[in-house]
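In this note's numbering, the protein residues as written are -15 to 594. Backbone N, C-alpha and C define an ideal beta-carbon position, used for all residues, glycine too. Since this is a predicted model, take the numbers as computed values, not measurements. Since the structure comes first, as structure tokens, the remarks are kept for the end.
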Amino acid sequence: MRKSISGPLGLFAFVFPLTIAAEDLSEVVITANRVPEPLDAALAATTVLTRELIQARQATSIEDLLQGVEGLSIGNSGGPGKLTSFFVRGADADHLLVLVDGVRIGSATAGTAALQNLPVEMIERIEFVRGPRSSLYGSDAIGGVLQIFTHRHTGDGFRPEFALTGGSLGTRRGYAALAGGDDRAWFRLQASAEATRGFDACRGSSTQFAGCFTEEPDADGYRYRSGSLAAGWQLDEHTRIQGNLLRATSHVEYDGSFTNESRILQQVAGLSASRELEAGGRLQFTLGRAWDRSRDYLGESFAGRFQTRRDSASLQWNVPLAAGRLLTLGVDHQRDHVASDTAYVSSARNNTALFAQFVGDAGPWRAEFSLRGDDNAQFGQHATGTAAVGYAWSDALQLLVQAGTGFKAPSFNDLYYPFFGNPALDPERSRSFELALRGHADSTRWRLSLFATRFRDMIGLDESFLPANIDTARVLGIEAGTGFMWRGFRLESGVTWQDAQDRSGGANQGNRLARRPRISGHLDLERRIGNHVLGLRWVGEGERQDNAANTRRVGGYGTLDLRAETQVARDWRLQVRAANLLDRHYETMAFFNQSGRTGYLTLRYSPIAR
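Next up, the structure:
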């Protein structure tokens, strides 16, 4: 395996003097504070990926799309559809809360969301908030929140769309959509499918206590099918109702000695109603249900199944107090249920929470304060809070300070797995601090952040190899990002440096946390010339350790992608992409291969409004 460190270090030297993408300053975000607000008003570090950007980058997966984003490192176990972990600012992979159209998703047994199996073509936008948001969202949001918004119809009449893609590794992908309606009522129906023969996921490690514990030198394929339906109604001037359903099924092959094939179902359903109150303010009620099901096989032999269901309900009242000041009050309820051929000690639990938030401006000052109390059937009551203050030195320069606490409820595997669970576990806890400087001028936007987080009561294995609240950790880091547009050029770049250390004492004291590279970053450059677009994207990460003992090192890497697009007719576009153009051989998890050089060709039909 080739090891490269100079690439990421070179990116750090290039980006840091510039010190987030050149997003529209009027862009409205929802996730940071659970209320609609301009992007430049929210104090939390927030990255927005729009539909236009997703299509322009020709991303094949959510992992592909998020590679290199500030504060995020990703570990993938062997290609498309394989198990993928997302680490935000040094936090664990299960410290990222994932929402789809406001509905919480993820496996209650594993504790994480299978983002690798959600179709990227159906995404309208992604909002990625870094830093603790447990004071608004509760458990899981220690590291941050990632919310996926599926497509909505805008405009009048009917609008069909489709895209066809073919490329390396026998890849075939199709997408079709039909939307219609007007300002009073609308709908959107979507379907997508993909198949690829893939490549050998694991390079074999039956003689080492790592990787896939076997040698299976074969191509590990991936197939998925998905569909979604969304609709909305404006009942009157003040009342709006909308609903959505997303269903994705996938067939994943991988290397393993216990299982080597999974058939996965993810389904998300949501219904929300909002009303603008005559006395002022807005009342919103949301219902959601998310399913996560996996059937595992070893060859043709059935090996087991895991199915979790997460039901949620939320009532939120936004109360304007005065010009530029808003009070938010709310209650959340969640019920997790597990159905499996593994006999868990308990199969369900409830969580109810109350939360409140104040957001206000006074001259050059902006303040955000939030407080939440959770009452969980398993571990009892837990309170979290966040305070953030911003001071604008000028219209283009702002200083930000933020501190907050977070927590993560133990998963069902941690608590109730037969013979290996511990029902006495407490939640994992964190305290975070951030100091940031951000600014904008004309079409340029930048942010520089320093962050620190201390984790305690983290779940590790005790001397009896049972889970216990015995681990602590400390993370220090710097994020820097910039973006600008100039004479047809668009540049985005970002870099993250972090030092994530084990502070649990014992043999691993001072070791680096597994799979967190010290340095990572990206550079994306695009040039528009008439109806043609040319672009390149470079992503790099430094070396990382792959285990707690720091005895297994994974080398750094840098990959270069090139892309081009041309408008062949009014509503037709032809896109081509060469990924990992230099054919770098690298890993993000020890023993698990990543794709070499690949190419893709896409024909896209998307009517332009007349």
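Extent of the continuous alpha helix (DSSP H) to which residue i belongs
i              : result
arginine 35    : 35 to 41
asparagine 397 : 396 to 400
Backbone secondary structure at residue i - three-state DSSP
i                : result
serine 57        : strand
glycine 119      : The question names glycine, yet the displayed sequence has serine at residue 119. Looking at serine 119 - three-state DSSP - the assignment turns out to be helix.
phenylalanine -4 : Note that phenylalanine -4 scores 36 on pLDDT, short of 50, meaning its location in the model is unreliable; the coordinates nonetheless yield the value given after this. Phenylalanine -4 falls in the helix class under three-state DSSP.
isoleucine 608   : In the structure as shown, the chain starts at -15 and stops at 594, and residue 608 therefore has no counterpart that could be examined.
glycine -9       : With a pLDDT of only 42 at glycine -9, under 50, the local geometry of the prediction cannot be trusted, and no value is derived from it.
isoleucine 592   : coil
glycine 580      : coil
alanine 5        : Confidence in alanine 5 is poor, its pLDDT being 40 and thus under 50, which makes the residue's placement unreliable; the coordinate value appears in the next sentence. Coil.
methionine 573   : coil
leucine 587      : strand
aspartate 545    : strand
alanine 598      : The requested residue 598 is not part of the displayed model; the chain covers only -15 to 594.
leucine 421      : strand
alanine 491      : helix
valine 84        : strand
histidine 137    : coil
methionine -15   : Here methionine -15 scores only 37 on pLDDT, less than 50, and its place in the model should not be relied on; the value that follows carries that caveat. In the structure shown, methionine -15 sits in coil (DSSP, three-state: anything other than H, G, I, E or B).
leucine 27       : coil
valine 104       : helix
aspartate 359    : strand
aspartate 204    : strand
Proximity to residue i [Cα-Cα], best of the options
i              : options                        : result
threonine 428  : Ala380, Met442, Gly388         : Ala380
leucine 305    : Glu284, His321, Gly74, Ala263  : Ala263
serine 256     : Ile225, Gly265, Glu284         : Ile225
arginine 35    : Glu105, Pro22, Leu56           : Glu105
valine 479     : Gly55, Leu338, Ile38           : Gly55
glycine 139    : Ser210, Gly122, Ser285, Ala169 : Ala169
alanine 491    : Asp455, Asp167, Leu544, Asp359 : Asp455
tryptophan 430 : Lys66, Ala464, Ala274, Leu130  : Ala464
glycine 122    : Gly369, Leu148, Ala436         : Gly369
glutamine 291  : Gln300, Trp275, Ser298         : Trp275
alanine 532    : Ala16, Gly467, Gly494          : Gly494
asparagine 101 : Ala203, Leu229, Ser278         : Ser278
arginine 41    : Arg511, Gly526, Leu445, Tyr541 : Arg511
alanine 163    : Thr15, Leu33, Val552, Gly141   : Gly141
glycine 539    : Arg157, Glu571, Val517         : Glu571
Where the beta strand (DSSP E) containing residue i begins and where it ends
i                 : result
leucine 49        : Note, leucine 49: premise wrong, no beta strand (DSSP E); alpha helix (DSSP H) at 46 to 50.
leucine 282       : 266 to 282
aspartate 345     : 332 to 346
lysine 392        : 381 to 392
proline 144       : 143 to 151
phenylalanine 520 : Looking at the sequence provided, one finds leucine at residue 520 rather than phenylalanine. Segment 516 to 525, the beta strand (DSSP E) holding leucine 520.
glutamate 111     : 107 to 114
glycine 95        : Note, glycine 95: premise wrong, no beta strand (DSSP E); not H, not E.
asparagine 228    : 223 to 237
alanine 253       : 245 to 260
Contact with chain D by residue i, beta-carbon distance below 8 Å
i           : result
glycine 115 : The structure shown has no chain D; it contains just one protein chain.
Review point. Does the region 12 to 31 come close enough to the region 415 to 431 to have 3 or more Cβ pairs within less than 8 Å?
Key: By the C-beta criterion, the region 12 to 31 is judged to be in contact with the region 415 to 431, since at least 3 inter-stretch pairs fall below 8 Å.
- Message: Tell me whether the region 92 to 102 and the region 520 to 533 touch, counting them as touching only if at least three CB pairs, one residue from each stretch, are closer than 8 Å.
- Response: Under the Cβ criterion (8 Å, minimum of three pairs), the region 92 to 102 does not count as touching the region 520 to 533.
Pick out the complete beta strand (DSSP E) segments inside the region 434 to 459, 3 residues or longer, and give them in chain order. With a minimum length of 3 residues, no continuous beta strand (DSSP E) run stays inside the region 434 to 459.
Original post:
Are there three or more Cβ pairs, one per stretch, closer than 8 Å when the region 151 to 168 is compared with the region 573 to 591?
Top reply: Result yes; three or more Cβ-Cβ pairs closer than 8 Å.
TODO: Please confirm if the region 366 to 375 is in contact with the region 59 to 70, defined as three or more CB-CB distances below 8 Å between the two stretches.
DONE: Judged by Cβ distances under 8 Å, the region 366 to 375 makes no contact with the region 59 to 70, as fewer than three pairs qualify.
Worksheet item: Do the region 105 to 115 and the region 346 to 364 touch if we need at least three Cβ pairs shorter than 8 Å?
Response: As far as the Cβ criterion goes, the region 105 to 115 does not touch the region 346 to 364, which means the pair count is below three.
Subject >> Length-filtered (3 minimum) beta strand (DSSP E) runs lying within the region 282 to 337 >> reply: With a minimum length of 3 residues, the continuous beta strand (DSSP E) runs that stay inside the region 282 to 337 are 285 to 306, 309 to 324.
Cβ contact (3+ pairs, closer than 8 Å) linking the region 80 to 89 and the region 393 to 408:
Too few Cβ pairs lie closer than 8 Å, so no.
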